[in-house]
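Engineer: Pasting a structure below so you can have a look.
Encoded structure:
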């Protein structure tokens, strides 16, 4: 199977997921700035989910460069990941409309935990079929962020009843962890980039 | 006509079909998990339709690799298939919102039967214009799944009044049939893959 | 400017236009087939618009193959065409929800007339910049359909008060005119295709 | 990172942003042309935003042709730009539904100002990583439009309480400034185009 078409399809789904969330932002029924206040929690949730989906898009791209063959296992692991990502607008809207109440926040954390799990399954499927096992191990082997993130997600879910803002802070922390460029990863890709442009 | 642009357009439509279904999931008006219960049938229907559209995307890709020319017949057979696939969010929402009542389930089965029929018309149009008739016959000739699926669809439609859950089970069975990799198909594509990367 | 990116962007917009129309089909609030009856006019309108957008996609593709350079004129003529095409879901919904009353049908005809006009402006812009003026003239010179279609649109608009069904029939006739493969066009592209695969 | 995939993802998001705005146009509940009148301000706002997003798409394309590497800085500057662009349907709808009242117009101007700022950050990130610093400086150095636009935006925001129509006129003026082809830019790209087709 053609890897390019799998990437294009995933990009399409992610572009729609990241964009349709804005359809949930209902415009104020009045013409004053005060009318925007009820939309603020939803906007805050939207910004967080936007960053998360952007991180998934970014990581997905790096991961796919090391996929040598699109086996049925890779194809369905990818679809499984997309399935959970398509549910993120739903939990984002629920969390935002309920102004960060505990249970919607727990649902938000649960869906993103399932995205993270699905991402690891995809990584595992690509790892067993890649033609570059050393580069793959080097890039994804000591996956500290991949271990820390689910721990932080679980903490965020568990602490939702204590303080929803603490949970939101933990979600933000996970996002920041992933935005900061991973020097090890960059090194691997730049090394493999010698002599050819456009990975 | 350029095959690549036909594939890209089809991918775009399928990516939107698979994603917009989530817009139908209305978030609970309360902040408790109990509020999610009314959304469960719709979520179950969404998961089933997601898998179906993913299967169509996968099969569409394999089929198109053997299309040598995009004749007007192939172009319109493809549009016809996309038309019925765009109606799947509509029947999914109806089935889910009515909690698997018989008539919405029958409509669901009918639209997916029409998708299957449209897929066979596309397969036939590609078959008569392919430059690789032997490979095409080998890959799609003894099409057991293609015969079994409509029979199961018709059974699901017929049994909807007896038990909607039985119908849902039959739809699930069709999906499982298609998810399990088709060793014969894989063999054909791998054979034709010798010596060149990226089909 | 890169022609490929202009095509990809246009494909993306057309794929969304053709798909989001289905979001307007509101599912019945009851679980019986009778509940589908109020949706029928909208479904009929959707089918017609789907075919129209598919025709535009098809013609757009052929036209762009003869564009040698993406000048600002071509770029904005293309955006202008996309603008009117994005308004087609709006008039389709209005026509369908009002069950083919005269004025919504006239609005439907007007928007598609503006699409046709925008298409001709794009064709003119590509014609004056193409590197293959003879092939362009041969393919688009004696543009019988392009002359007949606006006449039929105007008739459909004018007759909407006499009989909405007659107007719908005329819209259907225009669609059929374009679906039937244009042998002259095919000949031009096949002639230019000698010796190279993939136009 | 692959520049092509960043472009494709951005194109996808922009195509959705430009198209979903039409979902906000609620069809009249009556069948007469008079029913369209309440939709006119929204339609006017939609047309303006459509032109703005088209300009961003166009400029984004030119800018990316000079990006040599997709560094994390370029990747996140691009996502940041997409974030503000995804909020444009929200402010467009608010401005249109409130028939150009001062505060929604100020919000509209603020979101597009943030888009402009995000665009400059992206330009700066690409500028420090480009392999063609002279061509980059030549194309984007004396950026008169880039200086005039934010001034006009700020004037539009400031004058919203004086006259909303003046603000709308200023937004229109910015759009016209950008639609008129930039001869200097065209010269740079055509010069760099000698000897190779398809930038």
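Chains as they are written, first to last, in full-length UniProt numbering: chain R, 1 to 199; chain B, 1 to 199; chain A, 1 to 199; chain Y, 1 to 199.
C-beta: ideal position from N, C-alpha, C; glycine also.
Can you tell me the Cα-Cα spacing of residue 55/A and residue 153/A, whole angstroms?
Structural biologist: Translated into the one-based positions of the third chain, residue 55/A becomes position 55. Translated into the one-based positions of the third chain, residue 153/A becomes position 153. Cα-Cα distance, rounded: 16 Å.
Engineer: Are residue 156/B and residue 96/B closer than 8 Å when you measure CB to CB?
Structural biologist: Residue mapping note: residue 156/B aligns to position 156 of the second chain, counting from 1. Residue mapping note: residue 96/B aligns to position 96 of the second chain, counting from 1. No.
Engineer: Pick from 127/B, 17/B, 68/B and 83/B: whose alpha carbon is nearest that of residue 139/B?
Structural biologist: As a working note, residue 139/B is residue 139 in the second chain. Residue 139/B has its Cα closest to that of 127/B, out of 127/B, 17/B, 68/B and 83/B.
Engineer: Considering only the alpha carbon of each residue, which of 136/A, 30/A and 91/A lies closest to residue 103/B?
Structural biologist: Sequence index remark: in the second chain, residue 103/B carries index 103 (1-based). For the residues 136/A, 30/A and 91/A, the minimum Cα distance to residue 103/B belongs to 30/A.
Engineer: Contact defined as beta carbons within less than 8 Å: I believe residue 200/R pairs with residue 11/B. What is the distance between those atoms, to the nearest angstrom?
Structural biologist: Chain R is shown only over 1 to 199; residue 200/R falls outside these bounds and no answer can be derived.
Engineer: Go ahead and pull the three-state DSSP assignment for residue 110/Y.
Structural biologist: Translated into the one-based positions of the fourth chain, residue 110/Y becomes position 110. The answer is helix: DSSP assigns residue 110/Y an H, G or I state.
Engineer: So, for residue 121/R: in the same chain, excluding its five sequence neighbours on each side, which residues have a beta-carbon less than 6 Å away from its beta-carbon?
Structural biologist: What you label residue 121/R is simply residue 121 of the first chain in a count that begins at 1. The residues are 77.
Engineer: For residue 103/A, which of helix, strand or coil comes out of DSSP?
Structural biologist: Within the third chain, numbered from 1, the residue matching residue 103/A stands at position 103. Here residue 103/A sits in helix by DSSP.
Engineer: Am I right that residue 19/R and residue 16/Y are in contact with their C-beta atoms under 8 Å? What's the rounded C-beta distance?
Structural biologist: Along the first chain, one-based indexing puts residue 19/R at 19. Along the fourth chain, one-based indexing puts residue 16/Y at 16. The pair is a contact, with the Cβ atoms about 4 Å apart (cut-off 8 Å).
Engineer: For the alpha helix (DSSP H) that residue 59/B lies in, which residues bound it at each end?
Structural biologist: The count along the second chain starts at 1 and reaches residue 59/B at position 59. From DSSP, the alpha helix (DSSP H) with residue 59/B extends over 40–65.
Engineer: Less than 8 Å between CB atoms is the rule here; does residue 49/Y satisfy it with respect to chain A?
Structural biologist: If you number the fourth chain from 1, residue 49/Y lands on position 49. Not an interface residue.
Engineer: Classify residue 107/Y: buried if its beta carbon has 16 or more other beta carbons within 10 angstroms, exposed otherwise.
Structural biologist: By 1-based counting over the fourth chain, the position of residue 107/Y is 107. With 16 or more other Cβ atoms within 10 Å, it is buried.
Engineer: Are the CB atoms of residue 81/B and residue 119/B nearer to each other than 8 Å?
Structural biologist: Locating residue 81/B in the second chain gives position 81, counting from the first residue. Locating residue 119/B in the second chain gives position 119, counting from the first residue. Yes, the pair counts as a contact, with Cβ atoms nearer than the cut-off.
Engineer: Listed in chain order, which residues of the segment 101–112 of chain R have Cβ atoms closer than 9 Å to some Cβ of chain B?
Structural biologist: 101, 102, 103, 104, 106 and 107
Engineer: Starting from the C-beta of residue 73/Y, find all residues in its chain whose C-beta is less than 7 Å away, skip the five residues before and the five after it, and write them out in chain order.
Structural biologist: Within the fourth chain, numbered from 1, the residue matching residue 73/Y stands at position 73. Answer for residue 73/Y: 125, listed in chain order.
Engineer: Alpha carbon to alpha carbon, how far is residue 64/R from residue 7/R?
Structural biologist: Residue numbering aside, residue 64/R sits at position 64 when the first chain is read from its first letter. Residue numbering aside, residue 7/R sits at position 7 when the first chain is read from its first letter. It is roughly 8 Å from the alpha-carbon of residue 64/R to the alpha-carbon of residue 7/R.
Engineer: Strictly below 7 Å CB to CB, what residues from chain B border residue 33/A?
Structural biologist: Within the third chain, residue 33/A is the residue found at index 33, counting from 1. Within chain B, the residues near residue 33/A are 103.
Engineer: If we count the other Cβ atoms within 10 Å of its Cβ and call it buried at 16 or more, is residue 169/B buried or exposed?
Structural biologist: Residue mapping note: residue 169/B aligns to position 169 of the second chain, counting from 1. The residue in question, residue 169/B, is exposed, as its Cβ has fewer than 16 Cβ neighbours within 10 Å.
Engineer: Put residue 24/B into one of helix, strand or coil per three-state DSSP.
Structural biologist: As a position in the second chain, residue 24/B is number 24, starting the count at 1. Residue state, collapsed to three classes: helix.
Engineer: Between the segment 37–61 of chain Y and chain R, which residues of the former have a C-beta closer than 9 Å to a C-beta of the latter?
Structural biologist: Taken residue by residue, none of the segment 37–61 of chain Y has a beta-carbon sitting less than 9 Å from a beta-carbon on chain R.
Engineer: Go to residue 140/R, then tell me how far its alpha helix (DSSP H) extends in each direction, as first and last residue.
Structural biologist: As a position in the first chain, residue 140/R is number 140, starting the count at 1. Residues 133–140.
Engineer: Who are the neighbours of residue 9/R on chain B, taking C-beta pairs under 8 Å?
Structural biologist: Counting from 1 along the first chain, the entry for residue 9/R is found at position 9. Per Cβ cutoff of 8 Å: 11, 14, 15 and 57.
Engineer: Please check if any C-beta of chain R sits within less than 8 Å of the C-beta of residue 70/B.
Structural biologist: The count along the second chain starts at 1 and reaches residue 70/B at position 70. Cβ-Cβ to chain R under 8 Å: no for residue 70/B.
Engineer: What residue range is occupied by the uninterrupted alpha helix (DSSP H) comprising residue 157/B?
Structural biologist: Stepping through the second chain from its first residue, residue 157/B is reached at position 157. Note, residue 157/B: alpha helix (DSSP H), 144–158.
Engineer: Check this for me: beta carbons of residue 25/B and residue 112/R, under 8 Å apart or not?
Structural biologist: What you label residue 25/B is simply residue 25 of the second chain in a count that begins at 1. What you label residue 112/R is simply residue 112 of the first chain in a count that begins at 1. Result no, Cβ atoms of residue 25/B and residue 112/R do not sit closer than 8 Å.
Engineer: Leaving aside the five residues before and after residue 161/R along the sequence, list all residues of the same chain whose C-beta is less than 6 Å from its C-beta, in chain order.
Structural biologist: Within the first chain, numbered from 1, the residue matching residue 161/R stands at position 161. Answer for residue 161/R: 102, listed in chain order.
Engineer: Using 8 Å as the limit for Cβ to Cβ distance, is residue 94/R near chain B?
Structural biologist: Along the first chain, read from residue 1 onward, the residue named residue 94/R stands at position 94. Residue 94/R counts as touching chain B.
Engineer: In the structure shown, what three-state DSSP assignment does residue 123/Y receive?
Structural biologist: By one-based count along the fourth chain, residue 123/Y stands at place 123. It is helical.
Engineer: Using the Cα positions of residue 149/Y and residue 35/R, report the straight-line distance between them to the nearest angstrom.
Structural biologist: Counted from its first residue, the fourth chain places residue 149/Y at position 149. Counted from its first residue, the first chain places residue 35/R at position 35. About 28 Å.
Engineer: Quick check: is the beta carbon of residue 128/A nearer than 8 Å to any beta carbon in chain B?
Structural biologist: Here residue 128/A is taken as the residue at index 128 of the third chain, counted from 1. Not closer than 8 Å to any Cβ of chain B, the Cβ of residue 128/A fails to qualify, so no.
Engineer: Counting along the chain, where does the alpha helix (DSSP H) carrying residue 167/Y start and finish?
Structural biologist: Translated into the one-based positions of the fourth chain, residue 167/Y becomes position 167. Per DSSP, residue 167/Y belongs to the alpha helix (DSSP H) from 164–179.
Engineer: Less than 8 Å between CB atoms is the rule here; does residue 5/B satisfy it with respect to chain A?
Structural biologist: Here the question's residue 5/B lines up with position 5 in the second chain. Yes, because at least one Cβ of chain A sits closer than 8 Å to the Cβ of residue 5/B.
Engineer: Less than 8 Å between the C-beta atoms of residue 132/R and residue 2/Y, yes or no?
Structural biologist: Walking along the first chain from the start, residue 132/R turns up at place 132. Walking along the fourth chain from the start, residue 2/Y turns up at place 2. No, the Cβ-Cβ distance between residue 132/R and residue 2/Y is not below 8 Å.
Engineer: Compute the Euclidean distance between the alpha carbons of residue 171/Y and residue 87/Y, then round it to the nearest angstrom.
Structural biologist: Counting from 1 along the fourth chain, the entry for residue 171/Y is found at position 171. Counting from 1 along the fourth chain, the entry for residue 87/Y is found at position 87. Near 17 Å, if we compare the C-alpha coordinates of residue 87/Y and residue 171/Y.
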